[in-house]
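Worksheet: the structure to be examined is printed underneath.
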Amino acid sequence: MLYLLNVDKEVTGTFSDAKLLNHNACRAMKRLSQQAIARELGVSQALVSLSLRGKRQGIAEQTYRRIRAYASAHGYLLRNESPTGGAGLETVGYLLRSPLRLAHSSNFFHPVHQGMHDQLRERGLHTTFLGSEDEIELPRLVEQLGQDANYAGTIVFGQVDLAFLQQLAEVPRPLVTINARYPGLSHSVQPNEYEAAEKLLQHLILLGHKSFLYLGSRQPSAVSLARRQGFEAAARKLGIEMGENRLFEAPWSLRQEGRVLAEQILERHGPRHGTAWVCVGSLLARGVIDAFHRRGIEAGRDISVGTLDDSPAAREEEPGLTTSGTSPEELGREAAMLILNEGRERPARKADYVLPAQLTPRESTGAPPL
1272 MLYLLNVDKE VTGTFSDAKL LNHNACRAMK RLSQQAIARE LGVSQALVSL
1322 SLRGKRQGIA EQTYRRIRAY ASAHGYLLRN ESPTGGAGLE TVGYLLRSPL
1372 RLAHSSNFFH PVHQGMHDQL RERGLHTTFL GSEDEIELPR LVEQLGQDAN
1422 YAGTIVFGQV DLAFLQQLAE VPRPLVTINA RYPGLSHSVQ PNEYEAAEKL
1472 LQHLILLGHK SFLYLGSRQP SAVSLARRQG FEAAARKLGI EMGENRLFEA
1522 PWSLRQEGRV LAEQILERHG PRHGTAWVCV GSLLARGVID AFHRRGIEAG
1572 RDISVGTLDD SPAAREEEPG LTTSGTSPEE LGREAAMLIL NEGRERPARK
1622 ADYVLPAQLT PRESTGAPPL
């Protein structure tokens, strides 16, 4: 069963039966009968029944919309209604890669959604959560989205299975992926991982660092791979030698994983193995600093720590993390603009947009110890 969340109206429901109003609210509403609607609008009851079930064939568009708008305004629960829960409001749907869930905190995708939401709201559109990759009944969703006259397009957060995206691309609306590329299937919006790594390494070199470590992640995602590749390419360009004992990977880019990985590095190699540690993400970097605290090591004074993203975790605690990356909010805004610029039709041309990185120095980096 697929759960929808309308961010703007704070209502929930299921797309499987398309009852898009909160259950408690529905019980409080007095619903007109189909016969009463037909009488008020001067149409047949059969026409009302078909329209309320989302059956468009053979019904004039103006009549179809008029029936549904009148019924919705009088408390009727509509099938195949626009996910905004009201007639005439255009909607952009978004979904998460597996195994992410909306209820789980996300250091990256929450600000991405905020940027997308803000951009669309300025143009009078709403956002609707379609579900997570591994919980969606995709054939039915594709059919329903294709029939929804108020549906403007889909934005996918993260890397999903190719077959999943191929099926999703059958919806005749613009499709945009964030942090993943699918040439020929969708637009994509991505950060410039090479530029982010180069800017961070240049910053650390200017501070006087010559000994670097890279702490990445083995999680099967395009982002983790792109950041490591970007780091290695930037290091080669800048003449930085990175042997095997200077490239480390945790199973996932989470805080706990960062703490464990840092403790292993310190135990095996000691605190002078590298004066500057570059992390794949802010959560992993926070875990590294947690491990430092346990050993009396101060980030920015004893060992510098930088991260290849620009997420809220970098600035919500002390010390602030030096970051180099693309704002997640900007990724969301750019994805929304692609939907807005394409209009209703699925474009024949697909474009990959790579957004520039920005370096933001904070307390976690400083000159190397003497």
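Just so you know, we're using the working numbering here: the sequence shown kicks off at 1272 and counts up by one.
Think of the CB as a built atom: it goes at the ideal place given N, C-alpha and C, for glycine as much as any other residue.
Cα-Cα separation, residue i to residue j
i	j	result
Thr1398	Tyr1365	7 Å
Glu1471	Ile1407	Glu is not the amino acid found at residue 1471; the sequence shown has Leu there. Taking the straight line from one Cα to the other gives about 39 Å.
Pro1462	Leu1321	46 Å
Phe1428	Gly1386	13 Å
Gly1359	Asn1421	Confidence in Gly1359 is poor, its pLDDT being 49 and thus under 50, which makes the residue's placement too unreliable to answer from.
Leu1609	Pro1640	47 Å
Gln1473	Arg1444	42 Å
His1480	Glu1634	16 Å
Arg1368	Ala1607	18 Å
Asn1378	Gln1305	47 Å
Tyr1453	Arg1310	51 Å
Gln1333	Glu1613	24 Å
Ile1330	Gly1417	17 Å
His1544	Glu1588	26 Å
Gln1405	Leu1371	The sequence shown places Asp at residue 1405, rather than the Gln named in the question. Roughly 9 Å separates the two Cα atoms.
Ala1342	Gln1316	13 Å
C-beta neighbour in chain C for residue i, strict 7 Å
i	result
Pro1639	This model lacks chain C altogether; it includes just one protein chain.
Cut-off 7 Å between Cβ atoms - residues of its own chain near residue i, not counting five sequence neighbours on either side
i	result
Glu1441	Val1413
Pro1542	Ile1568, Asp1573, Ile1574
Gly1637	Leu1478, Gly1571, Arg1572, Ser1575
Ser1524	Ser1488, Gln1490, Ser1495, Val1551, Gly1552, Leu1554, Leu1555
Glu1528	Ala1521, Pro1522, Leu1555, Gly1558
CB-CB length for residue i against residue j, believed under 8 Å
i	j	result
Leu1626	Val1460	7 Å
Leu1433	Ser1457	Not confirmed; about 11 Å, so no contact.
Ala1451	Ser1488	16 Å between Cβ atoms; not a contact.
Leu1486	Leu1532	6 Å
Phe1502	Leu1555	Contact doesn't hold; Cβ gap of about 13 Å is too wide.
Ser1582	Ser1553	5 Å
Near the ligand FMN: residue i beta-carbon under 6 Å from a heavy atom
i	result
Val1531	Among the components modelled here there is no ligand, and therefore nothing to report on the ligand FMN.
Of the residues the options, the one placed nearest residue i, counting alpha carbons only
i	options	result
Ala1468	Lys1508, Val1447, Tyr1453, Pro1491	Lys1508
Arg1565	Arg1530, Leu1486, Asp1389	Arg1530
Ser1403	Gly1395, Gln1418, Gly1417, Ile1426	Ile1426
Leu1537	Asp1561, Ser1524, Thr1448, Trp1523	Asp1561
Ala1628	Ala1493, Gly1571, Leu1602, Leu1477	Leu1602
Thr1448	Glu1464, Gly1455, Gln1430	Gln1430
Leu1498	Arg1526, His1480, Glu1466	The sequence shown places Arg at residue 1498, rather than the Leu named in the question. Among Arg1526, His1480, Glu1466, the Cα nearest to that of Arg1498 belongs to Glu1466.
Ala1584	Arg1557, Asp1405, Ala1607, Glu1605	Arg1557
Gln1535	Val1559, Arg1336, Ala1547, Glu1515	Val1559
Gly1455	Leu1630, Thr1631, Tyr1624, Ala1619	Ala1619
Gln1483	Ala1493, Glu1515, Glu1464	The residue you asked about is not Gln; residue 1483 is Phe in the sequence shown. Per the Cα distances, Glu1515.
Tyr1624	Gly1510, Ala1547, Glu1464, Leu1630	Glu1464
Asp1389	Gly1577, Pro1632, Leu1611, Ala1622	Leu1611
Pro1410	Ile1476, Gln1438, Leu1371, Leu1391	Gln1438
Arg1336	His1540, Asp1419, Ile1476	Asp1419
Gly1577	Arg1586, Pro1590, Trp1548	Trp1548
Arg1394	Val1363, Leu1371, Asp1405, Gln1415	Val1363
Leu1391	Glu1605, Ala1622, Lys1621, Leu1630	Glu1605
Ile1511	His1540, Ile1476, Arg1586, Gln1527	Ile1476
Arg1526	Gln1316, Lys1621, Phe1563, Ala1340	Phe1563
Close beta carbons around residue i, own chain, < 6 Å, minus the five adjacent residues each side
i	result
Leu1373	Phe1400
Ala1506	Met1513
Leu1518	Tyr1485
Ala1493	Gln1430, Ala1451
Ile1361	Note that residue 1361 is Glu in the sequence shown here, rather than Ile. These residues qualify, in order along the chain: Leu1396, Asn1421, Ala1423.
Leu1446	Thr1425, Ala1440, Ser1457
Close Cβ partners of residue i (< 8 Å) along its chain, the five nearest in sequence each way excluded
i	result
Ile1338	Ile1308, Leu1312, Val1314, Leu1318, Val1319, Ser1322, Leu1323
Pro1382	Ser1582, Pro1583, Ser1598, Pro1599, Glu1600, Gly1603
Pro1632	His1474, Thr1593
Margin query: At 4 residues or longer, what runs of the alpha helix (DSSP H) sit wholly inside the stretch 1407 to 1479?
Written below: 1409 to 1418, 1433 to 1439, 1464 to 1478
Note to self: I'd like the ranges of any beta strand (DSSP E) spanning at least 3 consecutive residues and lying wholly in the stretch 1485 to 1528.
What the structure shows: 1518 to 1521
Checklist line | Ranges of the beta strand (DSSP E) found wholly within the stretch 1530 to 1571, counting only runs of at least 3 | finding: 1547 to 1550
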